[in-house]
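Protein chains in written order, with the numbering used here: chain A, 1 to 324; chain B, 325 to 444.
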């Protein structure tokens, strides 16, 4: 017979081992929450809440329209979840796609921007006054239960974040629980902001791409404003330079187009798009010889734009022949 | 059956016809091509884009979105986004659940694990 003390000792040891194992297992389940312990983002308060963010209780399965309306109304757009149902809800799937969550704000003059998949970025955006839409999987099992909610604040000492979610105006959720549910959708998060208000965590290239995406349906003045703001924040941005110069070109403002492209050419001497568009702009001002010389200097263009450059060259040659 | 087929074909064609290619002035390389496509590293041509758009709109249509909305929705997407959607609307995640019930269940499971593993 095993002495009682030994038995108790073994049980204690087993328990401690199991507990340790579970703890490390749990820690690896929420790596970013663990990361926050050592690296809380600089300049972000540990207690913070955007209390004025509106709330639209979700109806049926329509958390997509509700979450989107929350951030869009907060950004100053007059819209209701009912208006957005037609734009972002898919009746037969009873839900909303991530891509459409990003594309729908464009129809209302806002720029949808997907955040980098980091807790830090989420916290920094909210702290800057931008509520963040996140995608969560609320199912503990294999079946996915996707849900959109809006993060509006937190109390880090208490270990909670606050969300506008479903039928709850202010749902408190532990940092660990939020990460666990958020991680399964690859930490998908987005903001929707008006032109000129750049997300604090925005990446230059991706933000330029987000503006270009709005160009398709957005108001021209808004698009111009957005590119101009992006170029002000990142003066060497290739995307913003091309975007803004194209806006000026469309308005017939060749001088300004040229000025922006010249600056872009200094920063990006190998850009095929910049040299092509600059050559076109020069040619339109009757400076064909200068344009041709520019294209010659640029060398052989790369595949995606080779056809466009060849067209520009042909046009310039044609104009030169005519003027002779 | 025949009329259903006709209806699907018609709506497909209407969507297809309404598709105006997105171009800037001749000679200039547009922002969409220069910025978005460069970012997504994809070499897509006009025909693929066109087919993807028609396909995405037809899928939305078949899932209960009305035709006008389906067109407007696809029109507000970039070529790269449409390419991601085409043929996959059925399998991509859709956020839907109100989540109250499952969260309670999750809490219950965590509590049960704690109760049985660490109670003593």
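Where a beta carbon is used, it is the ideal one built from N, C-alpha and C, also for glycine.
- Residues of chain B with a Cβ closer than 9 angstroms to the Cβ of residue 146(A) are, in chain order, 417, 418, 419, 420, 421.
- With its beta carbon at least 8 angstroms from every one in chain A, residue 378(B) lies outside the interface.
- If you ignore the 5 residues before and after residue 72(A), its C-beta comes within less than 7 angstroms of the C-beta of 79, 105, 108, 110, 192, all in its own chain and listed in chain order.
- By a beta-carbon distance limit of 8 angstroms, residue 112(A) contacts residue 102(A). Their separation comes to about 4 angstroms.
- Excluding its 5 nearest sequence neighbours in each direction, residue 389(B) has C-beta neighbours in its own chain below 8 angstroms: 397, listed in chain order.
- The C-beta distance from residue 277(A) to residue 245(A) rounds to 6 angstroms, short enough to meet the 8 angstroms contact threshold.
- Across the structure, residue 124(A) and residue 41(A) are spaced so that their CA atoms are roughly 7 angstroms apart.
- Counting C-beta atoms within 10 angstroms of its own C-beta, residue 29(A) has fewer than 16 neighbours from the protein chains shown and is therefore classed as exposed.
- Runs of the beta strand (DSSP E) spanning 3 or more residues and lying entirely within the stretch 42–109 of chain A occur at 47–49, in chain order.
- Judged by DSSP in its simplified three-state form, residue 116(A) adopts coil rather than helix or strand.
- Chain-order list of chain B residues neighbouring residue 114(A): empty, with the shortest C-beta distance near 11 angstroms, by a criterion of under 9 angstroms.
- Counting the other Cβ atoms within 10 Å of the Cβ of residue 85(A) gives 16 or more, which makes it buried.
- Taking the Cα of residue 249(A) as reference, the smallest distance to any Cα among 282(A), 265(A), 219(A) is reached at 282(A).
- Residue contact check for residue 408(B) against chain A: a CB pair falls below 8 angstroms.
- Non-local C-beta neighbours of residue 291(A) in its own chain, meaning closer than 7 angstroms and more than five positions away in sequence, comprise 279, 282, 283, 316, ordered along the chain.
- Contacts with chain B (Cβ-Cβ distance below 7 angstroms) from the stretch 172–189 of chain A involve 185, listed in chain order.
- By the C-beta criterion, the stretch 50–66 of chain A is judged to be in contact with the stretch 156–170 of chain A, since at least 3 inter-stretch pairs fall below 8 angstroms.
- In this structure, the beta-carbon distance from residue 32(A) to residue 179(A) falls below 8 angstroms.
- Residue 213(A) and residue 196(A) have their alpha carbons spaced roughly 15 angstroms apart.
- For the stretch 389–408 of chain B, the residues whose beta carbon sits under 8 angstroms from a beta carbon of chain A are, in order, 389, 390, 393, 396, 397, 399, 400, 401, 402, 405, 408.
- Counting every other CB atom within 10 Å of its CB across the protein chains shown gives residue 354(B) a total of 16 or more, marking it as buried.
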